[in-house]
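Chemist:
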Amino acid sequence: MPKKIGKRDITGQKGINVIEGVVLEMDFLWYPSGSVEAGIDGYIEIRDGETEEVSNLIIQVQSKATTKPKSLGEDDSKLEYRCDQRDLEYWLQGNAPVILVFVKVETREAYWTSIKDYFQDPEKQRSRKVIFNKVKDRFDASARAALINLAIPRNSGIYLAPRPKKEKLYSNLLKVSGFGERLYTGYASTEDQSKAHSRLSKIGQSLGQEWLLVDNLILSFHDLRQDPWSTICDFGTVEEHDVEEWAQSHILERQRQFVWLLNKALREKVKNELLFDQKKKCYYFKPTQDLTTRKYNYYSLLKKASRDVFLSYDKKTSKEIAYYRHSAFEGQFLKIESDWFLEVKPTYFFTRDGFTRDKYDWDHLSGIKRIEKNAAVFGQLIMWAEYLITPVQGNLFFSPYPFLLFDRLEEFEVDFGIDDSTWVRNEESDVAALIEDSVNELPLFKLSYEN
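For the sequence shown, the working numbering assigns the number 711 to the initial residue and increments by one for each residue that follows.
1) Should Trp1072 go down as buried or exposed, given a rule of 16 or more other Cβ atoms within 10 Å for buried?
2) Taking just the CA atoms, how far does Ser930 sit from Glu1138?
3) Hey, could you find the ends of the beta strand (DSSP E) Tyr1034 is sitting in?
4) In this structure, how does DSSP classify Ala748 when only helix, strand and coil are distinguished?
5) Under the rule that 16 or more other beta-carbon atoms within 10 Å means buried, what is Glu920, buried or exposed?
6) Helix, strand or coil for Phe849 per DSSP?
7) Can you list, in chain order, the residues of its chain whose CB lies under 7 Å from that of Trp740, leaving out five sequence neighbours each side?
8) Are the region 801–820 and the region 767–783 touching, with three or more C-beta to C-beta distances below 8 Å?
9) According to the neighbour-count rule (16 or more other Cβ atoms, all chains shown, within 10 Å of its Cβ), is Pro1110 buried or exposed?
10) Return the first residue and the last residue of the beta strand (DSSP E) that Gln795 is part of.
11) Go ahead and pull the three-state DSSP assignment for Tyr1070.
12) From Phe1043, Lys1029, Ile1046 and Tyr1023, pick the residue whose C-alpha is nearest to that of Arg1035; which is it?
13) Tell me whether Arg757 is buried or exposed, calling it buried when 16 or more other Cβ atoms sit within 10 Å of its Cβ.
14) Quick check on the burial criterion: 16 or more other C-beta atoms within 10 angstroms. Buried or exposed for Tyr1009?
15) Assess contact between the region 887–901 and the region 943–956, defined as three or more Cβ pairs (one per stretch) separated by less than 8 Å. Is contact present?
16) Quick check: the Cα distance between Leu1044 and Thr1066, rounded to an integer number of angstroms?
17) With a threshold of 7 Å, establish whether the CB of Val808 neighbours any heavy atom of the ligand ADP.
18) Out of Gln803, Leu962 and Thr721, which has the shortest C-alpha to C-alpha gap to Ile825?
19) Mapping DSSP to helix, strand and coil, what is Gln958?
20) Assess, as a yes-or-no matter, whether the region 1050–1061 is touched by the region 1000–1009 under the definition of 3 or more beta carbon pairs within less than 8 Å.
21) So, are the CB atoms of Trp801 and Gln835 less than 8 Å apart?
22) Are the beta-carbon atoms belonging to Ala1015 and Phe889 less than 8 Å from one another?
23) Spatial neighbours of His932 within its chain, please: CB distance less than 8 Å, with the 5 preceding and 5 following residues excluded, ordered by chain position.
24) Which residue marks the beginning of the alpha helix (DSSP H) containing Trp1050, and which one marks its end?
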């Protein structure tokens, strides 16, 4: 009879090969048990990948592998495995940490759990069943920090630093990349300020409201020497200025005037699609003519995206409309050193008919803020940044607004970062699944085990 090695042995070795590959990717060491073993397939020794120092901190590993595309009790969120009673007793009686790693060799997916931690519950011991969470329990390089914590004896005082990790941070500061190159000043031709203001407002309805009237002095991005602006100015008093005289001025009054002018320019820039609420100090998307849902298409950091920026909410007891929700933002201009920025704070605005502010708006907003995670707010921030940077949608003959241009959000590179999989692993399973789904949209918080 010829000698044979069965498929089960090959499958088992494939599973161990997957585990070894992951362990080496973590910069740890892998020691296989060899042919003589009683329920432990190998050992992980913790190693510092930067200093190359080995620690003599050991984790025992038992591998279970399968070639089946779907195991018993497996679905999209979990996977089950029932331990042998003798194996379980053996794993629990020793003094070293033991992990069980379940490997799907065809897809090279692996999931893990700490045996002694998992089976602290007597009920779980009686059932002998391990339920792997596919979000929290993935065995790949992202499990590195958790394995270090497991290997270090409790109360030992030993600390092993995580791998250095560069990370990109995004602020909510949208840089102003351009505004009008010139500012114009001139005295109104009438000393009646209310009459001058009325005439300026009338002209501004068609040509833009980028002007101020201060003590009968007009300050504007518009050339006051040109009609119809010249009709309201004392022509002999009109002067042209470099915009830097206000933008970079150290005189407080000029700084205030320039911020005021920038705010008026912002309202003009977005007036075709956004409204401004004076009380809430926020910009919000206009309703559709028939009050149906409005979608805004834009490019997120990773892909093409779409967001409902105006939609209705029904009453709980009927299909009548209770209120409408508008995507909104609060904007404040800031000067940092020699640069100007618009600080963008995403929020929502609520109306009862698309225009009139709903009297329960604070309750609606509080409810949303209790549900939304940071990633959702960050997604809104990206949308608003794209909106303010890009041309008006659907306008083939668009010419850029000349008096206020924006660049990208300010980004910062830091030499330290958080391994998100570590804190996701410590969340409850349903919360962790929601978090992972959100953060994987963002390279800022990309989980390293994503395929």
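Backbone N, C-alpha and C define an ideal beta-carbon position, used for all residues, glycine too. Predicted model, so just to flag it, every value in this text is computed and none were measured.
Modeler: Looking at the coordinates:
1) Reading the sequence shown from its first residue, position 362 is the one you call residue 1072. Burial call: exposed.
2) The residue labelled residue 1138 in the question sits at position 428 within the sequence shown. The residue labelled residue 930 in the question sits at position 220 within the sequence shown. Confidence in Glu1138 is poor, its pLDDT being 46 and thus under 50, which makes the residue's placement unreliable; the coordinate value appears in the next sentence. Answer to the nearest angstrom: the Cα atoms are 57 Å apart.
3) Numbered from 1 along the sequence shown, position 324 holds the residue referred to as residue 1034. Bounds of the beta strand (DSSP E) holding Tyr1034 are Ile1031 to Ile1046.
4) Mapped onto the sequence shown, residue 748 falls at position 38. Here Ala748 carries a coil assignment [DSSP, helix/strand/coil].
5) Against the sequence shown, residue 920 aligns to sequence position 210. Classification for Glu920: buried.
6) Translated into the one-based positions of the sequence shown, residue 849 becomes position 139. Correct three-state label for Phe849: coil.
7) The residue you call residue 740 lines up with position 30 of the sequence shown. Taking C-beta separations shorter than 7 Å and ignoring five residues to either side along the sequence, the partners of Trp740 in its chain run Glu730, Val733, Leu734, Gly752 and Ile754, following chain order.
8) A contact is defined here as three or more CB-CB pairs under 8 Å, and the region 801–820 meets this definition with respect to the region 767–783.
9) Mapped onto the sequence shown, residue 1110 falls at position 400. Here Pro1110 is exposed: its Cβ has fewer than 16 other Cβ atoms, across all protein chains shown, within 10 Å.
10) As a first step, residue 795 is located in the sequence shown; it is residue number 85 there, counting from the start. Segment Gln795 to Gln803 is the alpha helix (DSSP H) holding Gln795; no beta strand (DSSP E) there.
11) Locating residue 1070 in the sequence shown gives position 360, where the first residue counts as 1. Tyr1070: coil per DSSP, three-state reduction.
12) Locating residue 1035 in the sequence shown gives position 325, where the first residue counts as 1. Considering only alpha carbons, the answer is Tyr1023.
13) To locate residue 757, count along the sequence shown from 1; it is residue 47. When all chains shown are included, Arg757 counts as buried.
14) As a working mapping, residue 1009 is identified with position 299 in the sequence shown. Burial call: exposed.
15) With the cut-off at 8 Å, the region 887–901 and the region 943–956 touch.
16) Taking the first residue of the sequence shown as 1, we reach residue 1044 at position 334. Taking the first residue of the sequence shown as 1, we reach residue 1066 at position 356. Approximately 30 Å between the Cα atoms of the pair.
17) No copy of the ligand ADP occurs in the structure displayed, which carries no ligand at all.
18) Sequence index remark: in the sequence shown, residue 825 carries index 115 (1-based). It is Gln803.
19) Reading the sequence shown from its first residue, position 248 is the one you call residue 958. Reduced to three states, the DSSP call for Gln958 is coil.
20) With a cut-off of 8 Å, the region 1050–1061 and the region 1000–1009 do not count as touching, because too few Cβ pairs lie within range.
21) Translated into the one-based positions of the sequence shown, residue 801 becomes position 91. Translated into the one-based positions of the sequence shown, residue 835 becomes position 125. Between Trp801 and Gln835, the C-beta gap is not smaller than 8 Å, which leaves the two residues out of contact.
22) Reading the sequence shown from its first residue, position 305 is the one you call residue 1015. Reading the sequence shown from its first residue, position 179 is the one you call residue 889. Result no, Cβ atoms of Ala1015 and Phe889 do not sit closer than 8 Å.
23) By one-based count along the sequence shown, residue 932 stands at place 222. Leaving aside the five residues that flank His932 on each side, the residues in its chain whose CB is nearer than 8 Å to its CB run, in chain order, Tyr894, Leu917, Gly918, Glu920, Trp921 and Trp939.
24) For the purposes of this step, residue 1050 is taken as the residue at position 340 of the sequence shown. Careful: Trp1050 lies outside any alpha helix (DSSP H), inside the beta strand (DSSP E) at Asp1049 to Thr1061.
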